[in-house]
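A short worksheet on the structure shown next.
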Amino acid sequence: MLGFIARRFLTAVVSVLLASVVVFSSLLAVPGDPAEAILGLNASPQALTALRHQLGLDRPAAARYLSWLGGIAHGDFGESLNYQRPVGRLIGGRLAVSIPLTLASALLACLIALPLGVLAALRRETLVDPLITAASQLGAAVPSFWLGLMLILFFAVRLHWLPAGGFAGWSVDPVRSLEQLALPVLALGLGQAAIITRMTRAAMIEVLDQDYVRTARAKGLAPRRVVGVHALRNAMVTIVTIFGLSLTNVFIGSIIIEQVFALPGMGRLVLTAIGARDFPLLQGEILVYATTIVGLSFLVDVAYGLLDPRIRYT
Amino acid sequence: MKRVLLVLAAISLVGTFALAADPPPRSGGTVTVAITADPPGWDPTASTSQEIARVMYHNVYEGLVRLDRQGKIVPALAKSWTVSPDGKTLTFQLRDGVTFHDGTPFTADDVVKTFQRAKDKNSGHTHPEYYASIDTIEAGPGNTVVFHLSEPNSSLLFNLARPDSIIYPPSEAATQRSHPIGTGPFEFASYVPGSEVVLVRNPQYYIPGEPYLDKVVFKIMPDPNTRFAALQAGDLDMIASSLPPEQYLQIEKGAVPGVKGTEGTATTEITLALNNARPPLNNKLVREAITMAIDKQAIVKGAMFGLGTVISTHMTPAEPYYINPDPYPYDPAKAKQLLAEAGYPNGFKIKFELPQPYPIERRTGEVIAQQLKQVGIDAQVSVVEWTTWLKRIFLGGDYDMTIIGHSEPRDIGIYGNPNYYFHYDNPVVQNLLRQAEAATSPAVQTADYQEVGRIIAEDAVNVWIFSPPYLVAARNDIYGFWTNQPTPAIDMTRVYRAP
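Protein sequence lines, in the order shown, are assigned to chains A and B.
Be aware that the first sequence starts at 1, since it is given in the working numbering, and climbs by one per residue.
Be aware that the second sequence starts at 1, since it is given in the working numbering, and climbs by one per residue.
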């Protein structure tokens with residue numbers, strides 16, 4: 001088991017390193033540099049040269065990459081060119097929004113989707129299944145930004161129950177911050193729930209058709225026990241994958257939702273960093289994204305191993 | 001000129017009447033205003049991002065002079081000024097008893113150092129060329145500052161009213177991007193990236209009783225629909241930039257309870273920019289044909305819901321030398337004929353690139369592509385990300401056709417720069433612009449600029465489509481905000497709330 005985890009961990013670290021190289025080199029290929037983005041329209045060439053030198057952009061790319069990597073090793077992510085603040089602190093502040101948003105959305109999605117998916121799989125012969133399937137298809141087809149706008153119009157503009165956007169900050173006003181996260185969580189979670197419902201249904205149906213379920217039924221076990229113990233536990237491998245996937249999806253999907261709800265999260269920071277060609281900030285962010293995604297799939301891998309001993313040796 | 005003055009007088013009269021209907025100002029309260037993005041720091045001299053000027057100009061930072069609501073140059077940190085008869089010496093009488101927000105007094109020495117830095121090409125100031133005519137600056141007797149010019153420059157005073165000419169303690173230039181210190185009515189209190197900027201009342205402000213508000217919060221909200229929803233939900237009090245025309249019309253119709261809208265002038269020319277150096281656009285007949293193929297009135301109606309003024313050269317009604325020569329009015333039949341004359345009887349294919357962040361430009365561009373199709377020109381539309389647009393199109397001049405709003409006031413001088421992205425090189429225009437710059441009489445300057453306006457229209461350098469209005473949405477109890485935008489700034493000095 002330990003060997004399995006160590007192997008997976010090594011793969012994860014290499015993946016993150018590779019991602020950082022890919023990101024760094026692709027940023028070099030993008031037209032426009034931070035000095036141009038900062039100075040904007042009508043800047044004089046002298047001002048551009050001066051700023052490029054000040055930002056250290058006249059150093060060779062490989063040297064910049066290595067000194068950045070060296071900084072990371074010491075926990076120093078460098079300084080944002082656009083904000084002139086430490087990248088680590090900027091990202092930390094954004095994660096305080098993005099992590100709760102992601103976790104709550106993924107949890108909401110699973111809380112809705114798992115029961116519905118199981119129900120649809122069990123009631124295949126009745127009206128329940130096509131109803132749930134239709135609803136989840138609709139949910140998957142609705143873009144999350146549109147759903148977000150509709151939620152704002154209904155709950156904020158019409159009913160005045162919840163704020164339309166923005167984020168007060170946990171230390172400033174925690175209750176208000178929670179209220180401000182409610183609609184984004186709903187917008188992200190509902191869309192994700194639709195997708196997970198369909199996947200859960202498919203996974204359950206596959207398991208329910210297995211011989212051991214038929215055997216369990218034949219020996220007269222209560223239906224609840226058949227589904228809960230024999231079917232659901234075996235479907236768990238698939239469902240854990242789905243949860244891992246949905247965390248990743250929600251983390252990425254929040255880029256748009258943060259824009260709609262004016263939330264100061266990771267996604268908007270990425271957009272600003274791209275627009276401003278803020279390379280140190282962007283590299284730090286991509287590193288966090290890559291680590292999160294690779295980390296999640298590492299955890300899912302480990303969870304597989306625990307759930308299904310056969311996986312360790314494949 | 002007389003007519004311009006009359007118009008100005010009329011506008012200020014209307015302004016006075018509107019003011020008379022407003023309740024008397026009262027002090028206190030907070031107003032929350034939307035802005036659209038995080039700018040690169042808060043120093044207006046270190047970036048041309050307009051969000052910086054919107055938040056900072058006049059609120060936190062001030063210059064020697066400024067523009068008033070009608071676009072007239074009026075005193076700010078300078079109480080008054082005189083220009084010598086030869087136009088080569090400007091003397092500014094500074095206000096007494098002004099302090100910076102950090103408590104240090106504002107002195108003539110600060111002014112001298114500020115403009116020595118501004119004109120230094122290696123200082124990182126974004127527009128050293130604005131101050132190129134300044135030879136030396138010195139502190140004079142009795143709290144005055146004297147600018148000695150190498151040649152008369154009629155634009156200098158206007159340049160001194162731009163956000164680029166603000167004055168902060170020169171020793172603290174390096175930290176202004178993150179810790180702004182000015183002399184204005186509001187002090188910079190806090191900034192949470194991606195979330196908000198908070199300004200609080202400056203109790204030491206040199207005009208007694210001003211500002212009225214205790215606090216102004218600028219919320220960073222990138223999405224126009226979110227801004228509008230937040231205004232409707234009561235999370236936001238004012239939208240004073242990038243208000244889409246359709247939202248303004250909803251407010252006008254009274255569809256948003258508790259919110260009012262105003263429509264004023266701005267200095268933006270929505271410009272279909274043509275690469276004058278690249279075939280087939282290097283052929284004047286083709287450029288004329290493109291101009292005549294575009295129905296500007298229909299664009300204002302279709303893309304702007306009727307809000308906006310059709311223009312025909314690089315001038316808006318908000319600028320003092322405004323003219324509307326219109327040498328090539330909409331005439332698609334004539335356009336086809338011109339194309340045939342130019343050797344393109346069946347039209348041609350051309351790349352047309354639209355800047356991603358600007359919805360009005362994108363919308364207008366789509367309509368233009370449709371209109372060009374009517375005369376046989378196949379404009380192949382693509383949307384370009386902003387930094388790429390800046391790099392390749394604007395700075396690199398590598399493009400066929402693009403569209404952008406030139407929002408800087410009085411910027412007709414760009415047509416004198418052959419390296420500018422239009423690739424327009426006309427010595428006559430360059431001479432006239434130099435002459436206008438050196439003119440000591442405003443009448444001569446205006447005549448020169450108008451002549452430039454006529455020549456570039458005649459040469460069909462670009463197609464100037466329309467000037468969008470300045471639209472503001474505000475809660476009903478908010479008064480005193482600017483309804484015109486002579487320069488990008490959301491000046492909150494005299495804004496107040498009264499039930």
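Backbone N, C-alpha and C fix where the C-beta goes; we use that ideal spot for every residue, glycine too.
Can you tell which of the options has its C-alpha closest to the C-alpha of residue i?
{"i": "Thr248/A", "options": "Gly189/A, Leu208/A, Asn234/A, Gln210/A", "result": "Gly189/A"}
{"i": "Gly181/A", "options": "Ala96/A, Leu138/A, Asn234/A", "result": "In the sequence as presented, Gly is not what sits at residue 181/A; that position holds Leu. The option with the nearest alpha carbon to Leu181/A is Ala96/A."}
{"i": "Leu372/B", "options": "Lys349/B, Glu269/B, Gln297/B", "result": "Lys349/B"}
{"i": "Gly169/A", "options": "Thr49/A, Arg94/A, Val22/A", "result": "Arg94/A"}
{"i": "Thr272/A", "options": "Thr32/B, Pro23/B, Thr30/B, Gly41/B", "result": "Gly41/B"}
{"i": "Gly308/B", "options": "Pro499/B, Ala21/B, Ala369/B, Thr265/B", "result": "Thr265/B"}
{"i": "Ser47/B", "options": "Ala35/A, Leu57/A, Arg201/A, Leu306/A", "result": "Ala35/A"}
{"i": "Leu101/A", "options": "Arg224/A, Arg310/A, Val227/A, Ser246/A", "result": "Ser246/A"}
{"i": "Pro24/B", "options": "Gln70/B, Ser155/B, Gly209/B, Asp425/B", "result": "Gly209/B"}
{"i": "Ala489/B", "options": "Pro409/B, Ser441/B, Arg454/B, Thr446/B", "result": "Pro409/B"}
{"i": "Leu67/B", "options": "Ile360/B, Thr267/B, Leu433/B", "result": "Thr267/B"}
{"i": "Ala73/A", "options": "Leu111/A, Gly88/A, Ala106/A", "result": "Gly88/A"}
Just reading off the beta strand (DSSP E) that residue i is part of, what are its end residues?
{"i": "Asp135/B", "result": "134 to 140"}
{"i": "Ser25/A", "result": "Premise fails: Ser25/A lies in the alpha helix (DSSP H), 2 to 29, not in any beta strand (DSSP E)."}
{"i": "Phe218/B", "result": "215 to 220"}
{"i": "Trp81/B", "result": "78 to 83"}
{"i": "Trp464/B", "result": "463 to 467"}
{"i": "Leu199/B", "result": "196 to 201"}
{"i": "Gly267/A", "result": "Counting along the chain, Gly267/A falls outside any beta strand (DSSP E), though it belongs to the alpha helix (DSSP H) covering 266 to 276."}
{"i": "Val192/B", "result": "186 to 192"}
{"i": "Thr215/A", "result": "It is not in any beta strand (DSSP E) - Thr215/A instead sits in the alpha helix (DSSP H) that spans 211 to 218."}
{"i": "Val33/B", "result": "30 to 35"}
Contact check, residue i vs residue j under 8 Å by CB: the rounded distance?
{"i": "Thr509/B", "j": "Ile403/B", "result": "Coverage of chain B is limited to positions 1 through 499, which leaves residue 509/B absent and any answer about it impossible."}
{"i": "Gly78/A", "j": "Gly284/A", "result": "7 Å"}
{"i": "Gly261/B", "j": "Leu471/B", "result": "7 Å"}
{"i": "Leu151/A", "j": "Ala121/A", "result": "Contact flag wrong, Cβ pair sits at about 29 Å."}
{"i": "Ile242/A", "j": "Ile196/A", "result": "5 Å"}
{"i": "Tyr421/B", "j": "Ile393/B", "result": "6 Å"}
{"i": "Ser241/B", "j": "Arg54/B", "result": "6 Å"}
{"i": "Asp491/B", "j": "Asn122/B", "result": "32 Å between Cβ atoms; not a contact."}
{"i": "Thr291/A", "j": "Phe251/A", "result": "In fact, because the Cβ distance is near 11 Å, the residues do not count as touching under 8 Å."}
The alpha helix (DSSP H) with residue i in it runs from where to where?
{"i": "Asp326/B", "result": "Note, Asp326/B: premise wrong, no alpha helix (DSSP H); not H, not E."}
{"i": "Val428/B", "result": "427 to 438"}
{"i": "Tyr61/B", "result": "Here Tyr61/B belongs to no alpha helix (DSSP H), and DSSP marks it neither H nor E."}
{"i": "Trp482/B", "result": "Where Trp482/B is concerned, there is no enclosing alpha helix (DSSP H), given that its DSSP letter is neither H nor E."}
{"i": "Pro442/B", "result": "442 to 458"}
{"i": "Pro184/A", "result": "174 to 208"}
{"i": "Ala333/B", "result": "332 to 341"}
{"i": "Pro130/A", "result": "128 to 141"}
{"i": "Lys113/B", "result": "108 to 119"}
Which partner residues of residue i appear in the DSSP bridge assignment?
{"i": "Ala504/B", "result": "Since the first residue of chain B shown is 1 and the last is 499, residue 504/B is not available in this structure."}
{"i": "Lys349/B", "result": "Asp378/B"}
{"i": "Pro170/B", "result": "Its beta-bridge partners do not exist; DSSP assigns none."}
{"i": "Thr89/B", "result": "His148/B"}
{"i": "Tyr470/B", "result": "Gly264/B"}
{"i": "Leu94/B", "result": "Ala78/B"}
{"i": "Glu285/A", "result": "Paired residues: none, contrary to the question."}
{"i": "Arg227/B", "result": "DSSP output for Arg227/B lists no bridge partner at all."}
{"i": "Leu67/B", "result": "Ile73/B"}
Is the beta carbon of residue i within less than 7 Å of some heavy atom of the ligand PLP?
{"i": "His423/B", "result": "You won't find the ligand PLP in this model; it holds no ligand whatsoever."}
For this session: Report yes or no: do three or more beta-carbon pairs, one from the region 182 to 197 of chain B and one from the region 130 to 140 of chain A, lie closer than 8 Å?
Result: no
Exercise. What residues in the region 269 to 300 of chain A have a beta carbon less than 9 Å from any beta carbon of chain E?
Worked result: Structure shown: chain E not included; protein chains present are A and B.
For this session: Taking 8 Å as the threshold, find out whether the region 203 to 212 of chain A comes into contact with the region 268 to 276 of chain A through three or more Cβ pairs.
Result: no
Exercise. Pairing CB atoms from the region 191 to 200 of chain B with CB atoms from the region 91 to 111 of chain B, are three or more of them under 8 Å?
Worked result: no
Problem set entry | Contact between the region 161 to 178 of chain A and the region 224 to 243 of chain A (3+ Cβ pairs under 8 Å) | no
Problem set entry | Three CB pairs or more closer than 8 Å across the region 326 to 343 of chain B and the region 284 to 293 of chain B | yes
Exercise. Per the contact definition of three or more C-beta pairs closer than 8 Å, is the region 452 to 469 of chain B in contact with the region 286 to 300 of chain A?
Worked result: no
Exercise. Can we say the region 64 to 82 of chain B touches the region 125 to 136 of chain B, given the rule of at least three CB pairs closer than 8 Å?
Worked result: no
For this session: Say whether the region 154 to 170 of chain A touches the region 211 to 231 of chain A, bearing in mind that this needs 3 or more beta-carbon pairs closer than 8 Å, one atom from each stretch.
Result: no
Exercise. Taking one C-beta from the region 317 to 328 of chain B and one from the region 372 to 385 of chain B each time, how about it: are there three or more such pairs within less than 8 Å?
Worked result: no
Exercise. Is there contact between the region 472 to 489 of chain B and the region 20 to 35 of chain B, where contact requires at least three CB pairs shorter than 8 Å?
Worked result: yes
Exercise. Between the region 117 to 132 of chain B and the region 212 to 231 of chain B, are three or more C-beta pairs nearer than 8 Å?
Worked result: no
Exercise. Given 8 Å as the limit, is there contact between the region 231 to 246 of chain B and the region 90 to 101 of chain B, that is, 3 or more CB pairs closer than that?
Worked result: no
Problem set entry | the region 56 to 65 of chain A / the region 140 to 155 of chain B touching (three or more Cβ pairs under 8 Å) | no
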